[in-house]
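Okay, structure first, notes after.
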Amino acid sequence: MAAEQPHGRLSLLRKRLDERLSSFIRTYKRTSMGRLTLILPALLVVGILIVLPTMILFELSLRPFVDGSIGSYFTFGNYERIFTSEASRTVIFRTIRVALIVTALTLVMGYPLAYTAVRGKKWTGRLIVVATLAPLAVDVVVRTFGWFLLLQEGGVVSQLLLLTGLFSSEPQLLYNETAIIIGLTHVLLPFMVFPLINVLHTIPYSLEEAAQNLGANRVEVFLKVLLPLSLPGIAAGTLMVFAITLASYVTPSLLGGETNVMAVTITDTFIGTGDWPYGSAMAMLLVVIGLGVILCYQRALREMDTKTGGI
Numbered sequence: 001m002a003a004e005q006p007h008g009r010l011s012l013l014r015k016r017l018d019e020r021l022s023s024f025i026r027t028y029k030r031t032s033m034g035r036l037t038l039i040l041p042a043l044l045v046v047g048i049l050i051v052l053p054t055m056i057l058f059e060l061s062l063r064p065f066v067d068g069s070i071g072s073y074f075t076f077g078n079y080e081r082i083f084t085s086e087a088s089r090t091v092i093f094r095t096i097r098v099a100l101i102v103t104a105l106t107l108v109m110g111y112p113l114a115y116t117a118v119r120g121k122k123w124t125g126r127l128i129v130v131a132t133l134a135p136l137a138v139d140v141v142v143r144t145f146g147w148f149l150l151l152q153e154g155g156v157v158s159q160l161l162l163l164t165g166l167f168s169s170e171p172q173l174l175y176n177e178t179a180i181i182i183g184l185t186h187v188l189l190p191f192m193v194f195p196l197i198n199v200l201h202t203i204p205y206s207l208e209e210a211a212q213n214l215g216a217n218r219v220e221v222f223l224k225v226l227l228p229l230s231l232p233g234i235a236a237g238t239l240m241v242f243a244i245t246l247a248s249y250v251t252p253s254l255l256g257g258e259t260n261v262m263a264v265t266i267t268d269t270f271i272g273t274g275d276w277p278y279g280s281a282m283a284m285l286l287v288v289i290g291l292g293v294i295l296c297y298q299r300a301l302r303e304m305d306t307k308t309g310g311i
């Protein structure tokens, strides 16, 4: 009994300490300092890996490049060169155009796949998920090189097109914008399919049945029921695909040849000519375009949420 009494007191003391510690942690979490402490590790990671390099990049973009060396004074000459150079403007517009086309193609191809995966038979859904996931297990360089072999002169695709009789000579499918779009569409399709699958899983099939019972055909069900309710998934997928396409380097460099996009031009500027200030200015412009797209998406989603009453 004497041995059990100190043990019981120790257990009671430990219980009280646990309760007080838990109460202190709950109270501390509610304070501004507590919330700051919780997000401090994330802020440090973002600050060191994203904000600081971006600031260095911006500072470098304001420096001149004179006689093969970086100048000591500040100037907006690099940005002026970008907007006054026809070659730079062509690369910028091509990058945005490719990003828009790839985003549209992945959406048009990905929505039916996602819908079939959710509403189709169980084995069909599993097959689509596996077929969509499988390419992600292969490095993007390998997948892009596969398209290089398919699209090259004398490749399978060009030979099949010749057999259709639509072309009198072998079409040029490689080293152009079309090749970049084909490669990026294949690489980025999973980033569109899975957000759509997630959002379609949350839409009850009974809503489609109710709309059909009220006389709506399949097109009306899609336009008035499925499309509005799946907009969050569409927004997430299109945003990811567009942003990744803007910054993609491997696929355009392998399939595009001299048809450059911004990421390839930036790399060539840094490594080829050594003009780091001009390359930094191009990189900052790419960041601004990406942030602008994200902000426009957020504003559009807020307005859409307000109009639909948060549904």
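In the UniProt record's numbering, the protein residues as written are 1 to 311. Cβ coordinates follow ideal geometry from the N, Cα and C atoms, glycine included.
Cα-Cα separation, residue i to residue j
| i | j | result |
| --- | --- | --- |
| Leu295 | Pro53 | 21 Å |
| Thr306 | Tyr278 | 42 Å |
| Tyr205 | Phe242 | 30 Å |
| Arg20 | Lys121 | 54 Å |
| Thr238 | Tyr73 | 41 Å |
| Ser64 | Gly71 | A small fix is needed here, since residue 64 is Pro in this sequence, not Ser. Rounded to whole angstroms, Pro64 to Gly71 spans 5 Å at the Cα level. |
| Ala211 | Leu226 | 10 Å |
| Ala2 | Leu44 | Any reading at Ala2 must be qualified, since the residue scores a pLDDT of 49, below 50, and its modelled position is unreliable; no value is offered. |
| Val42 | Val51 | One point to set straight first is that residue 42 is Ala, not Val, in the sequence displayed. About 12 Å. |
| Val130 | Asn213 | 34 Å |
| Leu196 | Tyr111 | 7 Å |
| Leu161 | Thr269 | 37 Å |
| Arg81 | Pro228 | 43 Å |
| Phe194 | Ser11 | 50 Å |
| Gln172 | Arg299 | 41 Å |
| Ser248 | Ile203 | 33 Å |
| Tyr297 | Leu151 | 35 Å |
Limits of the unbroken alpha helix (DSSP H) element including residue i
| i | result |
| --- | --- |
| Asp268 | Met262 to Asp268 |
| Glu59 | Leu52 to Ser61 |
| Tyr79 | Gly77 to Thr84 |
| Thr144 | Val140 to Leu151 |
| Thr252 | It is worth fixing the name first, because residue 252 is Pro in this sequence and not Thr. Unbroken alpha helix (DSSP H) run through Pro252: Val250 to Leu255. |
| Ser158 | Val156 to Thr164 |
| Pro64 | Counting along the chain, Pro64 falls outside any alpha helix (DSSP H), and DSSP gives it neither H nor E. |
| Gly183 | Glu177 to His201 |
| Ser206 | Tyr205 to Asn213 |
| Lys121 | No alpha helix (DSSP H) holds Lys121; DSSP gives it neither H nor E. |
| Ala243 | Leu231 to Ala247 |
| Val219 | Arg218 to Val221 |
Buried versus exposed call for residue i [16 or more other C-beta atoms within 10 Å across all chains shown]
| i | result |
| --- | --- |
| Ile266 | buried |
| Val46 | exposed |
| Pro252 | buried |
| residue 333 | One cannot answer for residue 333 here, as it falls past the ends of the chain, which runs 1 to 311. |
| Ser168 | exposed |
| Ala84 | The sequence given here has Thr at residue 84, not Ala. That one is exposed. |
Distance CB(residue i)-CB(residue j) smaller than 8 Å
| i | j | result |
| --- | --- | --- |
| Glu86 | Tyr175 | no |
| Phe191 | Ile244 | yes |
| Ala263 | Asn78 | no |
| Ala114 | Leu189 | no |
| Gly183 | Leu255 | yes |
| Leu62 | Phe76 | yes |
| Thr37 | Leu105 | no |
| Met284 | Leu57 | yes |
| Val91 | Glu177 | no |
| Val141 | Val250 | yes |
| Thr124 | Thr132 | no |
| Gly146 | Gly274 | no |
| Glu208 | Val219 | no |
| residue 328 | Leu163 | Absent from the structure is residue 328, since the part of the chain shown begins at 1 and ends at 311. |
Rounded distance between the beta-carbons of residue j and residue i, thought under 8 Å
| i | j | result |
| --- | --- | --- |
| Leu286 | Leu246 | 6 Å |
| Arg143 | Pro135 | 6 Å |
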